[in-house]
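Participant: Counting along the sequence shown from 1, when you hit position 54 you're at 54 in UniProt numbering, and nothing is skipped either side. Supplied in structure tokens, the structure appears directly below.
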Amino acid sequence: MSIRSAAVAAIRILLGILLIAAGALKVGHFVELAASIAAFRLLPAEAIAPISLALPFVEIFVGLYLVIGLFTRWAALFAALQFGLYGIAVASAVLRGISADCGCFGPHDRATADWPHVAFDFGLALCAALVARFAPGSLALDRRISS
Numbered sequence: 001m002s003i004r005s006a007a008v009a010a011i012r013i014l015l016g017i018l019l020i021a022a023g024a025l026k027v028g029h030f031v032e033l034a035a036s037i038a039a040f041r042l043l044p045a046e047a048i049a050p051i052s053l054a055l056p057f058v059e060i061f062v063g064l065y066l067v068i069g070l071f072t073r074w075a076a077l078f079a080a081l082q083f084g085l086y087g088i089a090v091a092s093a094v095l096r097g098i099s100a101d102c103g104c105f106g107p108h109d110r111a112t113a114d115w116p117h118v119a120f121d122f123g124l125a126l127c128a129a130l131v132a133r134f135a136p137g138s139l140a141l142d143r144r145i146s147s
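Written out as structure tokens, the structure is:
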């Protein structure tokens, strides 16, 4: 096992755990999640309910794929896109002076949209992109399937 392969695995698993936790904390709190999404004033009203219903489960499944290392490249690319979109949404709120709770970790997460949050989201997007580039890393089912 190379250092790079181990590093990719560690980052992949940490990102997966983060997504699973974020999704799990949102399950059952669809109304609160919809309110958090609406507060950013980026999406049409009719898109908010379906997104708030699907997002927790999407996060959980993408996180699971990352943790077990299955479809790693695609899961990491999707995670990079997801984190990048979160970063854009938060940056947009900051630039427009909108005070919005991110809701990243469920209804009790009162972290507000600010520049450190933007940097964090883009940092996660970069980590996910690196995982996609060097996937799958050690301890991945993709390695078992392809060998």
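Just so it is clear, CB atoms sit at the ideal spot from N, CA and C, and this is done for glycine as well. Here the structure is a predicted model, which is why all the values come from computation and not from measurement.
Contact between the region 85 to 93 and the region 39 to 46: three or more CB pairs below 8 Å?
Facilitator: Yes, the region 85 to 93 is in contact with the region 39 to 46.
Participant: Taking 7 Å as the limit between beta carbons, can you name the residues of its chain near residue 22, skipping five residues before and five after?
Facilitator: Locating residue 22 in the sequence shown gives position 22, counting from the first residue. Exclusion of the five residues before and after residue 22 leaves 59, 104 and 105 as the residues of its chain whose Cβ lies within less than 7 Å of its Cβ.
Participant: Taking residue 2 as the reference, give the member of 19, 137, 146 and 143 with the closest Cα.
Facilitator: Taking the sequence shown and counting its residues from 1, the one referred to as residue 2 is at position 2. When only C-alpha atoms are compared, the closest one is 137.
Participant: So the candidates are 69, 108 and 25; which of them puts its Cα closest to the Cα of residue 6?
Facilitator: By 1-based counting over the sequence shown, the position of residue 6 is 6. Residue 69 is the option with its Cα nearest to residue 6.
Participant: Cutting at 7 Å between CB atoms, please list the residues of its own chain near residue 29, excluding the five before and the five after it.
Facilitator: By one-based count along the sequence shown, residue 29 stands at place 29. Excluding residues within five positions, the ones whose Cβ falls inside 7 Å are 106 and 107.
Participant: I want to know whether the region 114 to 130 touches the region 48 to 58 - three or more CB-CB distances under 8 Å.
Facilitator: no
Participant: Roughly how many angstroms lie between the CA atoms of residue 112 and residue 15, to the nearest whole one?
Facilitator: Translated into the one-based positions of the sequence shown, residue 112 becomes position 112. Translated into the one-based positions of the sequence shown, residue 15 becomes position 15. If I take the Cα positions, the gap works out to 21 Å.
Participant: How about residue 125 and residue 83: do their beta carbons lie closer than 7 Å?
Facilitator: Residue mapping note: residue 125 aligns to position 125 of the sequence shown, counting from 1. Residue mapping note: residue 83 aligns to position 83 of the sequence shown, counting from 1. Taking 7 Å as the Cβ cut-off, residue 125 and residue 83 qualify as a contacting pair.
Participant: Rounded to whole angstroms, what's the CA-CA distance from residue 62 to residue 12? Just pull it up for me.
Facilitator: By one-based count along the sequence shown, residue 62 stands at place 62. By one-based count along the sequence shown, residue 12 stands at place 12. Going from the Cα of residue 62 to the Cα of residue 12 covers about 11 Å.
Participant: Quick check on residue 66: buried or exposed, where buried means 16 or more other Cβ atoms within 10 Å of its Cβ?
Facilitator: Here residue 66 corresponds to residue number 66 of the sequence shown, with the count starting at 1. Buried, since its Cβ has 16 or more Cβ neighbours within 10 Å.
Participant: May I ask you to report which of helix, strand or coil DSSP gives residue 101?
Facilitator: To locate residue 101, count along the sequence shown from 1; it is residue 101. In this structure, DSSP gives residue 101 an extended state, which the three-state scheme calls strand.
Participant: Find the nearest neighbour of residue 24 within the set 99, 8 and 64, judged by alpha-carbon distance.
Facilitator: Locating residue 24 in the sequence shown gives position 24, counting from the first residue. The residue from 99, 8 and 64 with its alpha-carbon nearest to that of residue 24 is 64.
Participant: Using beta-carbon positions only, say whether residue 19 and residue 26 come within less than 7 Å of one another.
Facilitator: Numbered from its first residue, the sequence shown carries residue 19 at position 19. Numbered from its first residue, the sequence shown carries residue 26 at position 26. The answer is no: Cβ separation not under 7 Å.
Participant: Take residue 31 and list the residues in its own chain whose beta-carbon comes closer than 6 Å to its own, dropping the five residues that flank it on each side.
Facilitator: As a first step, residue 31 is located in the sequence shown; it is residue number 31 there, counting from the start. If we look at residue 31 and ignore the five residues flanking it on each side, it has no Cβ neighbours.
Participant: Taking residue 35 and residue 76 to be in contact with their CB atoms under 8 Å, please state how far apart those CB atoms are, rounded to whole angstroms.
Facilitator: Position 35 of the sequence shown, counted from the start, is the residue given in the question as residue 35. Position 76 of the sequence shown, counted from the start, is the residue given in the question as residue 76. Actually they do not touch by this definition, with Cβ atoms about 30 Å apart.
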